[in-house]
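Data block below; observations after.
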Amino acid sequence: MQLLMNPLTAPVADPAALEALAALYAYPDGVRGGRPWLRANMVSSLDGSARLAGLSEGLSSAADKRIFGVLRALADVVLVGAETVRAEGYRPARARKEFAAARAAAGQAPAPAIAVVSRRLALDLSAPLFTEPLVRTVVVTTEDSPAEARRAVAAVADVVVAGERSVDLAAAVAALAARGWTRQLTEGGPRLLGGLAAAGLLDELCLSLAPLLTAGDAPRIAYGAAVEQVRAMRLESLIEEGGFLFTRYVRVEDGPVGPTGPAAG
Numbered sequence: 004m005q006l007l008m009n010p011l012t013a014p015v016a017d018p019a020a021l022e023a024l025a026a027l028y029a030y031p032d033g034v035r036g037g038r039p040w041l042r043a044n045m046v047s048s049l050d051g052s053a054r055l056a057g058l059s060e061g062l063s064s065a066a067d068k069r070i071f072g073v074l075r076a077l078a079d080v081v082l083v084g085a086e087t088v089r090a091e092g093y094r095p096a097r098a099r100k101e102f103a104a105a106r107a108a109a110g111q112a113p114a115p116a117i118a119v120v121s122r123r124l125a126l127d128l129s130a131p132l133f134t135e136p137l138v139r140t141v142v143v144t145t146e147d148s149p150a151e152a153r154r155a156v157a158a159v160a161d162v163v164v165a166g167e168r169s170v171d172l173a174a175a176v177a178a179l180a181a182r183g184w185t186r187q188l189t190e191g192g193p194r195l196l197g198g199l200a201a202a203g204l205l206d207e208l209c210l211s212l213a214p215l216l217t218a219g220d221a222p223r224i225a226y227g228a229a230v231e232q233v234r235a236m237r238l239e240s241l242i243e244e245g246g247f248l249f250t251r252y253v254r255v256e257d258g259p260v261g262p263t264g265p266a267a268g
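Residues are numbered in our numbering as their position in the sequence shown, beginning at 1, plus a constant of 3.
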């Protein structure tokens with residue numbers, strides 16, 4: 004686990020603190036060779052809720068939003084579910100001048116693309132996500148998605164077909180990587196993250212733990228699809244700020260653990 008002085012205590016505009024966060028969350032070097040690396044960024048209450056009053060916003064903090072911005076600034080593409088796009092009022096990713104030189108040197112666009120996973124294509128195509136992006140928005144859908152809706156989407160976004168009746172998430176991740184977008188980030192929601200985890204596609208989880216007890220019936224950060232075997236994750240870094248814990252976990256490469264895996268010590 005990597006231990007650092009807390010860069011979140013510095014002023015937002017402090018270049019050294021921003022550089023420290025970027026170094027902490029940098030993608031592995033091998034990603035540039037063409038292998039995609041998919042990280043998730045999620046926030047949760049102490050009792051596991053992914054939402055407060057229906058949104059993740061109520062669980063967030065200024066420090067959480069700073070990390071959110073850094074993770075987007077490092078990514079080529081942000082993969083997000085249509086339900087989250089609708090609920091959270093998603094907008095295009097913005098260019099950040101602090102990262103402009105680094106992105107240009109890495110061959111990245113000024114801002115990451117947003118890739119929306121949607122089977123039904125029930126999307127507001129007049130929203131800024133489709134009318135004002137710096138990088139054209141991508142919509143990942145299925146072969147049996149409504150033809151008329153797909154034509155309308157294709158007029159304002161790039162359409163990627165992955166799967167026949169349900170989105171094949173492995174094919175979706177591969178299609179995004181084929182565009183050169185190997186530094187991948189997903190912001191959920193919980194159903195999409197659950198599907199990615201079940202498919203064994205998640206390499207890293209950046210989880211912000213809010214010092215709140217919410218109870219209620221909100222979903223946890225990943226739900227839906229069943230995971231056949233529990234997969235071990237290794238804690239890479241931990242930052243505390245204002246009672247929030249900001250964790251970074253990466254998958255253990257020597258295989259899954261579960262009922263037949265290594266016993267706990």
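Don't be surprised by glycine CBs; every beta carbon is placed ideally from N, CA and C.
Residue i: first and last residue of the uninterrupted beta strand (DSSP E) it sits in
| i | result |
| --- | --- |
| arginine 186 | 186-189 |
| arginine 237 | 236-244 |
| alanine 116 | 116-120 |
| arginine 251 | 247-254 |
| alanine 43 | 40-47 |
Beta-carbon separation (whole angstroms), residue i vs residue j, contact threshold 8 angstroms
| i | j | result |
| --- | --- | --- |
| leucine 41 | isoleucine 70 | Not a contact, Cβ separation roughly 17 angstroms. |
| valine 253 | arginine 237 | 6 angstroms |
| arginine 106 | proline 113 | 6 angstroms |
| glutamine 111 | aspartate 161 | Not quite, the Cβ-Cβ distance comes to about 17 angstroms (not below 8 angstroms), so this is no contact. |
| threonine 145 | valine 164 | 7 angstroms |
| leucine 248 | leucine 212 | 4 angstroms |
| aspartate 138 | alanine 116 | It should be noted that the sequence gives valine, not aspartate, for residue 138. About 4 angstroms; that satisfies the 8 angstroms criterion. |
| alanine 85 | leucine 126 | 6 angstroms |
Residue i versus residue j: straight-line alpha-carbon distance, rounded
| i | j | result |
| --- | --- | --- |
| serine 52 | alanine 218 | 7 angstroms |
| valine 88 | aspartate 32 | 30 angstroms |
| arginine 153 | arginine 97 | 26 angstroms |
| glutamate 3 | alanine 19 | In the structure displayed, the chain extends from 4 to 268; residue 3 sits before or after that span and is not available. |
| phenylalanine 44 | alanine 65 | Per the sequence shown, the amino acid found at residue 44 is asparagine instead of phenylalanine. The straight-line gap from Cα to Cα measures roughly 15 angstroms. |
| threonine 189 | serine 129 | 23 angstroms |
| glycine 166 | aspartate 147 | 9 angstroms |
| serine 136 | glutamate 256 | Note on identity: in this sequence residue 136 is proline, with serine being the wrong assignment. Cα to Cα, the separation comes out at about 36 angstroms. |
| glutamate 239 | arginine 251 | 5 angstroms |
| glycine 191 | leucine 62 | 15 angstroms |
| alanine 157 | arginine 194 | 25 angstroms |
| glutamate 29 | leucine 77 | Sequence check: residue 29 is alanine here, not glutamate. When rounded, the distance between both Cα atoms is 7 angstroms. |
| threonine 185 | arginine 38 | 6 angstroms |
| alanine 109 | valine 159 | 27 angstroms |
| valine 119 | leucine 216 | 30 angstroms |
| alanine 56 | leucine 132 | 24 angstroms |
| leucine 82 | glutamine 187 | 7 angstroms |
| proline 222 | serine 48 | 11 angstroms |
| valine 46 | leucine 210 | 6 angstroms |
| arginine 122 | valine 170 | 7 angstroms |
| glycine 258 | arginine 75 | Confidence in glycine 258 is poor, its pLDDT being 49 and thus under 50, which makes the residue's placement too unreliable to answer from. |
| aspartate 17 | arginine 182 | 34 angstroms |
| arginine 99 | lysine 68 | 14 angstroms |
| threonine 134 | valine 34 | 30 angstroms |
| glutamate 207 | glutamate 151 | 37 angstroms |
| arginine 168 | proline 149 | 11 angstroms |
| alanine 180 | leucine 124 | 22 angstroms |
For residue i, the first and last residue of its enclosing alpha helix (DSSP H)
| i | result |
| --- | --- |
| alanine 103 | 103-108 |
| leucine 204 | Neither: leucine 204 is in no alpha helix (DSSP H) and is coded neither H nor E. |
| valine 88 | 85-91 |
| aspartate 67 | 65-77 |
| threonine 134 | 131-134 |
| alanine 25 | 18-27 |
| leucine 172 | 172-181 |
Residues near residue i by beta carbon distance below 6 angstroms, same chain, minus five either side
| i | result |
| --- | --- |
| leucine 6 | Because the pLDDT of leucine 6 is 45, which lies under 50, any placement of that residue in the model is unreliable, and the question is left without a value. |
| glycine 246 | Pro214 |
| glutamate 60 | none |
| arginine 54 | Ala221 |
| tyrosine 93 | Leu132 |
Same chain, Cβ closer than 8 angstroms to residue i, five either side skipped, listed in chain order
| i | result |
| --- | --- |
| leucine 58 | Ala90 and Glu91 |
| alanine 200 | Ala225, Ala228, Val230 and Arg234 |
| proline 204 | Per the sequence shown, residue 204 should be read as leucine rather than proline. Excluding positions up to five away in sequence, the list reads Leu41, Leu172, Ala173 and Val176. |
| valine 73 | Leu21, Leu24, Ala25 and Tyr28 |
Residue i at chain B interface by Cβ criterion, 8 angstroms
| i | result |
| --- | --- |
| proline 149 | The displayed structure is made up of one protein chain only, and chain B is not part of it. |
Neighbourhood of residue i by C-beta distance below 7 angstroms, restricted to the same chain and skipping five residues each side
| i | result |
| --- | --- |
| alanine 155 | Leu128 |
| alanine 103 | Pro113 |
| arginine 198 | Note that residue 198 is glycine in the sequence shown here, rather than arginine. Cβ neighbours of glycine 198 beyond the five flanking positions: Leu172, Gly227 and Ala228. |
| aspartate 50 | Leu216, Thr217 and Ala218 |
| alanine 202 | Leu172 and Ala173 |
Ranges of the beta strand (DSSP E) found wholly within the segment 137-168, counting only runs of at least 3: Entirely contained in the segment 137-168, the beta strand (DSSP E) runs reaching 3 residues are, in chain order, 141-144 and 161-164.
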